[in-house]
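Engineer:
Residue numbers (our numbering): -4 to 329.
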């Protein structure tokens, strides 16, 4: 079986329950995940995955090479999680006899099993939308939370990396994920992240680590420059698997709606998640270990990259309420 993965880290994490369900339905199947390089590490070590096929999003020549590769593999079935026309075209061109996907982007002619939606599913969370594709096989599967798998050697390597930067994994570590790939509309403010971190350092003697991708370096530098006691800044300096292992060492992650938010949720790390322009019902953290801070303003969720007005949805989230939410997690009793 071929599973076409979604193309962003957070979205890829949200298909993991469906992958687990697929393994439940077909325990003996060989399941290959076709994924772009930036999300391929999400599937590493997952018990539902037999193989990862990493491919760069191709031009026409590259797409033809991919189609020929799939033809040679003679897959029986393709499960298409992206809603794109291109994903259905590649599966069709690859000669895969059963091709399952939602009826989006006029791609129905390329599918053999068409699932109605996802627009008919309203504000249903992405996890449930992805599980909906398994209806093609006529059986229900048990609900599961997304789960990522990190090897012991990766945890040790992350511990060594943190130790090199002066972080002791035996003591309290808090992570900040201040970036947001989609745009600044869903970003909270550098000076407020800095103020929260300063307060938690003072209250809990917390060690603070900044995490994110290369595109988040600017806001990370602003946070570093505004904190009284500089944090360890790993933004843009770690591969995804290293970031997963570092997050596993955290007591708490404070984050915008981002890929790393979903990563932390799938690693069982408590979250304080800050929501504004994006749809909490659709892409919120799928975990019981999250406090979501959001103010209901008329224009939210707008789903825009940049706020066209006054960014009120994020402006209303205060330092005090983020500190209070963090404190509740850090002082909880099991």
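The beta-carbon is built from N, C-alpha and C at its ideal position, and this holds for glycine as well.
1) If contacts are defined as beta-carbon pairs under 8 angstroms, then residue 239 and residue 262 qualify, I think. What distance do you get, rounded to the angstrom?
2) Going by DSSP, name the residue or residues bridged to residue 168.
3) State yes or no: is the C-beta of residue 196 within less than 8 angstroms of the C-beta of residue 251?
4) Measure from the alpha carbon of residue 157 to the alpha carbon of each residue in 172, 11, 241, 268, then state which is nearest.
5) Among the residues of its own chain, which have a CB less than 8 angstroms from the CB of residue 200, if the five just before and after it don't count?
6) By the 10 Å Cβ neighbour count, where 16 or more other Cβ atoms means buried, how is residue 54 classified, buried or exposed?
7) As a quick exercise: from 236, 258, 312, 259, pick the residue whose alpha carbon is nearest that of residue 270.
8) Evaluate residue 326 with the Cβ neighbour count: other Cβ atoms within 10 Å of its Cβ, from every protein chain shown; 16 or more gives buried, anything less gives exposed.
9) Could you check whether residue 67 and residue 47 sit closer than 8 angstroms to each other, using their CB atoms as the reference points?
10) Quick one, are the C-beta atoms of residue 267 and residue 317 less than 8 angstroms apart?
11) Sort out for me which residues DSSP pairs residue 347 with in a bridge.
12) Whole angstroms is fine: what's the gap from residue 305's alpha carbon to residue 289's?
13) Which of the three DSSP states is assigned to residue 268 in this structure?
14) Which residue from 273, 185, 175 puts its Cα closest to that of residue 210?
15) Pull up the CB-CB distance for residue 122 and residue 281, whole angstroms please, since I reckon it's below 8 angstroms.
16) Report the residue from 94, 60, 142, 138 whose alpha carbon sits nearest the alpha carbon of residue 41.
17) I need the straight-line Cα distance from residue 219 to residue 126, nearest angstrom please.
18) Look up residue 285 in the DSSP assignment and give the residues it is bridged to.
19) Could you tell me the distance, in whole angstroms, from the CA atom of residue 39 to the CA atom of residue 8?
20) Cα-Cα, which of 186, 284, 300, 286 is closest to residue 314?
Structural biologist: If we stick to the structure as given:
1) If you number the chain shown from 1, residue 239 lands on position 244. If you number the chain shown from 1, residue 262 lands on position 267. Yes, they are in contact, since the Cβ atoms of residue 239 and residue 262 sit about 7 angstroms apart, within 8 angstroms.
2) For the purposes of this step, residue 168 is taken as residue 173 along the chain shown, with counting starting at 1. Answer by DSSP bridge pairing, in chain order: 202.
3) Taking the first residue of the chain shown as 1, we reach residue 196 at position 201. Taking the first residue of the chain shown as 1, we reach residue 251 at position 256. Not in contact: residue 196 and residue 251 (Cβ atoms no closer than 8 angstroms).
4) Taking the first residue of the chain shown as 1, we reach residue 157 at position 162. Considering only alpha carbons, the answer is 241.
5) The sequence position of residue 200 within the chain shown is 205, counting from 1. Same-chain partners within the cutoff: 166, 167.
6) Counting from one through the chain shown, the residue named residue 54 turns up at place 59. Classification for residue 54: exposed.
7) If you number the chain shown from 1, residue 270 lands on position 275. Ranking 236, 258, 312, 259 by Cα distance to residue 270 puts 312 first.
8) The residue given as residue 326 occupies position 331 in the chain shown. The residue in question, residue 326, is exposed, as its Cβ has fewer than 16 Cβ neighbours within 10 Å.
9) As a working mapping, residue 47 is identified with position 52 in the chain shown. As a working mapping, residue 67 is identified with position 72 in the chain shown. Cβ distance not < 8 angstroms, so residue 47 and residue 67 don't count as in contact.
10) Counted from its first residue, the chain shown places residue 267 at position 272. Counted from its first residue, the chain shown places residue 317 at position 322. Going by C-beta atoms, residue 267 is nearer than 8 angstroms to residue 317.
11) This structure cannot speak to residue 347, because the chain is shown only from -4 to 329.
12) Counted from its first residue, the chain shown places residue 305 at position 310. Counted from its first residue, the chain shown places residue 289 at position 294. Distance between the alpha carbons of residue 305 and residue 289: 16 angstroms.
13) Within the chain shown, the letter at position 273 stands for residue 268. Here residue 268 sits in strand by DSSP.
14) The residue labelled residue 210 in the question sits at position 215 within the chain shown. Checked all of 273, 185, 175; the closest Cα to residue 210 is 175.
15) The count along the chain shown starts at 1 and reaches residue 122 at position 127. The count along the chain shown starts at 1 and reaches residue 281 at position 286. Contact between residue 122 and residue 281 is confirmed by a C-beta separation of about 5 angstroms, below the 8 angstroms threshold.
16) Mapped onto the chain shown, residue 41 falls at position 46. Ranking 94, 60, 142, 138 by Cα distance to residue 41 puts 142 first.
17) By one-based count along the chain shown, residue 219 stands at place 224. By one-based count along the chain shown, residue 126 stands at place 131. Approximately 41 angstroms, taken between the alpha carbons.
18) As a working note, residue 285 is residue 290 in the chain shown. Residue 285 is bridged to 266.
19) For the purposes of this step, residue 39 is taken as the residue at position 44 of the chain shown. For the purposes of this step, residue 8 is taken as the residue at position 13 of the chain shown. So the two alpha carbons sit approximately 12 angstroms from each other.
20) Here the question's residue 314 lines up with position 319 in the chain shown. Nearest C-alpha to residue 314: 186.
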